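J.: Residue numbers for the sequence shown, in UniProt numbering: 1 to 488.
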Amino acid sequence: MLFELCDESTGRGSAPAEPAAGVPVSKTFRAFAPEQDLLLPPSLDDWLPSEHLARFIAELVDEHLDLSRIRASYTKAKGAPPYDPRLMVRILLYGYTTGVRSSRQLEASCQDVVAFRWLAAGAGPDFRSIARFRKRHLSALGHLFVQALALCQAAGMVKLGRVALDGTKLRANASRRKAMSYARMSEKEKILADEVSELLAQAEAIDQSEDARFGKDSRGDELPQELRRRESRLAKIREAKQALEDEARERAEQEARKRAATRGEGEDTTAQRVADAVAAAVPKPKAQRNFTDPQSRIMKTSDGSFHQCFNAQAVVDDGHQVIVAAEVSDCAADVANLMPMTEQTTVNTGHAPGEVLADAGYCSADNLEQAATVSAASGTEFFIATGRSKHDAPLPAAPRGRIRKDATPRERMARKLTTKKGRTAYARRKVIVEPVFGQMATLQNAKHLLLRGIDGARGEWLLLAACHNLRKLHGHIGVAGLNGLRTA
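(1) Expressed to the nearest angstrom, what Euclidean distance is found between the alpha-carbon atoms of Arg55 and His137?
(2) Helix, strand or coil for Lys300? Go by DSSP, reduced to three states.
(3) Measuring alpha carbon to alpha carbon, tell me which of Tyr362, Leu141, Gly304 ends up nearest Gln313.
(4) Between Arg458 and the rest of its own chain, which residues show a CB-CB distance below 6 Å, the 5 nearest in sequence each way excluded?
(5) Taking Leu463 and Tyr96 to be in contact with their CB atoms under 8 Å, please state how far apart those CB atoms are, rounded to whole angstroms.
(6) Ignoring anything shorter than 3 residues, give me the beta strand (DSSP E) runs that lie fully in the region 358 to 430, in order along the chain.
(7) Is Tyr426 buried or exposed, if buried means 16 or more other CB atoms sit within 10 Å of its CB?
(8) If the criterion is Cβ atoms closer than 8 Å, does the pair Leu485 and His64 meet it?
(9) Would you report the Cα separation of Leu149 and Asp366, rounded to the nearest angstrom?
(10) May I ask you to list the residues that DSSP assigns as paired with Leu50?
(11) What residue range is occupied by the uninterrupted alpha helix (DSSP H) comprising Leu170?
(12) Distance, Cα to Cα, Gly99 vs Ile298?
(13) Leaving out the 5 sequence neighbours to the left and right, which residues in its chain are closer than 6 Å to Phe133 when beta-carbon positions are compared?
(14) Among Ile130, Leu357, Gln321, Lys430, which residue has its Cα nearest to the Cα of Ala465?
(15) By the 10 Å Cβ neighbour count, where 16 or more other Cβ atoms means buried, how is Cys110 classified, buried or exposed?
(16) Rounded to whole angstroms, what's the CA-CA distance from Phe127 to Phe145? Just pull it up for me.
(17) Flag this pair as touching only if the region 62 to 81 and the region 434 to 450 have three or more C-beta atom pairs under 8 Å; answer yes or no.
(18) Which residue's Cα is closest to the Cα of Asp276: Gly264, Ser50, Arg249?
(19) Where Ile432 and Lys159 are concerned, what is the direct C-alpha to C-alpha distance, given to the nearest angstrom?
(20) Rounded to whole angstroms, what's the CA-CA distance from Pro41 to Ala120? Just pull it up for me.
(21) Under 8 Å between the Cβ atoms of Ala115 and Leu60?
(22) Apart from the five residues just before and just after Arg273, which ones in its own chain have a Cβ nearer than 6 Å to its Cβ?
(23) Quick check on the burial criterion: 16 or more other C-beta atoms within 10 angstroms. Buried or exposed for Glu267?
(24) If we count the other Cβ atoms within 10 Å of its Cβ and call it buried at 16 or more, is Val374 buried or exposed?
(25) For a test of the three-state rule: what should DSSP assign to Ala276, helix, strand or coil?
(26) So is Ile403 buried or exposed if we call it buried at 16+ other beta carbons inside 10 Å?
(27) Is Ala172 near Cys331, with beta carbons less than 8 Å apart?
(28) Quick one: residues in its chain with C-beta nearer than 8 Å to the C-beta of Lys405, no 5 flanking neighbours on either side, listed in chain order?
(29) Compare the beta carbon distance of Asp359 and Arg429 with 8 Å and say whether it is the shorter of the two.
(30) Tell me which residues share the same chain as Leu451 and place their Cβ nearer than 6 Å to its Cβ, disregarding the 5 neighbours each side in the sequence.
(31) Beta carbon of Asp268: closer than 7 Å to some heavy atom of the ligand ATP?
(32) Report the three-state DSSP secondary structure of residue 554 (helix, strand or coil).
(33) Which residue comes first and which comes last in the alpha helix (DSSP H) that contains Cys309?
(34) Go ahead and label Gln444 buried or exposed: buried means 16 or more other beta carbons lie within 10 angstroms of its beta carbon, across all protein chains shown.
(35) Under 8 Å Cβ to Cβ from Gly478, same chain only, skipping five residues before and after it: list those, please.
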């Protein structure tokens with residue numbers, strides 16, 4: 001039964017009066033009792049959706065990835081029981097897929113983030129254990145790239161009809177301010193040597209004075225802090241200077257042997273030329289070496305600045321942007337990576353790609369000749385830019401008629417790229433490989449490396465590439481699709 005409020009003056013029904021604006025009212029909220037105890041223990045398994053990436057990673061590690069190389073490294077029964085390799089690989093793969101790569105961040109995530117706690121089954125490995133595991137098994141973790149690629153192939157995501165090759169500069173875990181040129185090293189070495197000699201003389205005078213004052217039996221042989229610091233800096237500079245000199249001699253030896261082989265000289269003449277070149281080899285005055293990560297190099301990055309970097313290479317398949325080959329070098333130039341990366345693609349997948357697209361950084365007379373040889377042997381067709389063009393520059397007209405018989409390999413490639421087929425193929429290069437670098441930088445925080453040295457950089461880049469492929473695989477087949485791969 002409904003009741004209406006009546007207006008005394010009119011006798012007509014009226015609606016309840018609305019509260020004045022801004023005046024609080026009695027509001028009923030949803031139940032919230034943080035002090036309430038749970039009658040049954042909670043299950044982490046109920047907190048993750050069925051198609052969550054963490055479940056996908058767990059299924060991969062438990063059922064599909066081969067961890068025998070990691071398990072085989074445990075050859076001693078003594079000591080405290082280590083963490084299960086499955087647990088460590090789970091959190092590392094999920095961390096590198098989602099951009100959580102620091103060992104300290106991984107430790108915190110195993111406490112604070114549901115997905116990590118679920119993967120670790122409630123265990124909380126400390127950051128030292130995580131860092132030691134990653135360092136100890138870096139080679140085996142890098143090998144997971146090949147296994148992840150095989151899973152992508154089994155899912156039909158790798159077609160190899162067209163692949164694109166490109167490189168990206170990864171910031172090394174080293175400051176460019178910790179680098180010094182060879183000329184500066186020579187200058188600083190003399191200054192520090194003089195300072196050390198002067199401080200040693202002062203220390204000797206002080207020792208003699210204290211011996212006369214307190215006796216020779218009193219302990220006082222500790223070096224002053226200032227002297228210890230200068231001696232350590234001098235040792236580091238001498239070590240870096242020696243390394244640059246060794247590199248110069250090694251480079252001179254290789255060049256001398258190459259020149260001798262080109263001239264067809266005998267072994268005795270070659271040995272003499274090599275000895276003379278090595279004896280005369282001197283590093284360039286501007287040659288630099290970093291004290292934090294000596295194997296990193298100063299490279300120009302995409303923003304136009306210079307930093308300590310490694311050059312990461314990747315070959316990406318056109319079908320689903322799966323990385324089919326990955327490598328890291330300490331050379332800023334890309335030109336030396338064309339044929340090795342093409343060969344690695346064939347080895348990793350078991351098939352030669354139909355087309356290989358590469359920008360002008362990979363163009364050289366030697367590469368073009370080798371590309372022609374590979375094309376004749378395996379059928380792989382190369383589309384390599386012979387130069388850079390401005391964005392607003394008009395496209396050259398398509399050629400007509402036959403090409404000259406005396407055309408150079410560069411002229412032949414340039415003509416090939418102006419044809420309709422060449423334009424269509426090369427136009428796909430950017431949309432195949434460059435988005436992959438952007439996805440890895442954004443989703444996996446792959447702009448900087450955590451591990452030092454060329455081996456550390458290579459292992460970390462392979463792990464990042466493997467996780468990129470796993471993320472693509474998860475998006476393609478989901479968790480349920482892994483069962484089909486198991487029986488494939």
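No residue lacks a Cβ here, since even glycine has one placed at the ideal position from N, Cα and C. These numbers come from a predicted model, not from an experiment.
T.: From the atom records:
(1) Taking the CA atoms as reference points, Arg55 sits about 23 Å from His137.
(2) Per DSSP, reduced to three states, the secondary structure at Lys300 is strand.
(3) With respect to the C-alpha of Gln313, the residue from Tyr362, Leu141, Gly304 having the closest C-alpha is Tyr362.
(4) Closer than 6 Å at Cβ, skipping near neighbours: Val328.
(5) Separation of the CB atoms of Leu463 and Tyr96 is rounded to 6 Å, and the pair is thereby assigned contact status at 8 Å.
(6) Counting only runs of 3 or more residues that sit fully inside the region 358 to 430, the beta strand (DSSP E) segments are 381 to 384, in chain order.
(7) Residue environment for Tyr426: buried (at least 16 other C-beta atoms within 10 angstroms of its C-beta).
(8) Against a cut-off of 8 Å, the Cβ pair of His64 and Leu485 comes out as a contact.
(9) For Leu149 and Asp366, the distance between alpha carbons rounds to 30 Å.
(10) Looking at the sequence shown, residue 50 is not Leu but Ser. The beta-bridge partner set that DSSP reports for Ser50 is empty.
(11) Boundaries around Leu170 are those of the beta strand (DSSP E), 163 to 171, since no alpha helix (DSSP H) includes it.
(12) If I take the Cα positions, the gap works out to 25 Å.
(13) Answer for Phe133: Met88, listed in chain order.
(14) Considering only Ile130, Leu357, Gln321, Lys430, the residue with the shortest C-alpha distance to Ala465 is Gln321.
(15) By the 10 Å Cβ count, Cys110 comes out buried.
(16) Taking the straight line joining both Cα atoms gives about 24 Å.
(17) No, because fewer than three Cβ pairs between the region 62 to 81 and the region 434 to 450 fall closer than 8 Å, the two stretches do not touch.
(18) Considering only alpha carbons, the answer is Arg249.
(19) Here the alpha carbon of Ile432 sits roughly 13 Å from the alpha carbon of Lys159.
(20) Roughly 18 Å separates the two Cα atoms.
(21) Cβ distance not < 8 Å, so Ala115 and Leu60 don't count as in contact.
(22) Counting only Cβ-Cβ distances below 6 Å, and skipping sequence neighbours, we find Ala256, Ala260.
(23) Residue environment analysis places Glu267 among the exposed positions, since fewer than 16 neighbouring C-beta atoms fall within 10 angstroms of its C-beta.
(24) Under the 10 Å beta carbon count, Val374 is surrounded by 16 or more other beta carbons and is classified as buried.
(25) One point to set straight first is that residue 276 is Asp, not Ala, in the sequence displayed. If DSSP states are grouped into helix, strand and coil, Asp276 belongs with the helices.
(26) Under a 10 Å Cβ-count criterion, Ile403 is classified as exposed, with fewer than 16 other Cβ atoms of the shown protein chains found around its own Cβ.
(27) Cβ atoms of Ala172 and Cys331: not closer than 8 Å.
(28) Cβ neighbours of Lys405 beyond the five flanking positions: none.
(29) With contacts defined by Cβ atoms closer than 8 Å, Asp359 and Arg429 form a contacting pair.
(30) Hits under 6 Å: Glu460.
(31) What this structure holds is no ligand at all, so the ligand ATP is not there to describe.
(32) Within the shown structure, residues of the chain are numbered from 1 to 488, placing residue 554 beyond reach of any answer.
(33) Unbroken run through Cys309 is the beta strand (DSSP E), 306 to 317; no alpha helix (DSSP H).
(34) Label assigned to Gln444: buried.
(35) Correct list, in chain order: Glu51, Phe56.
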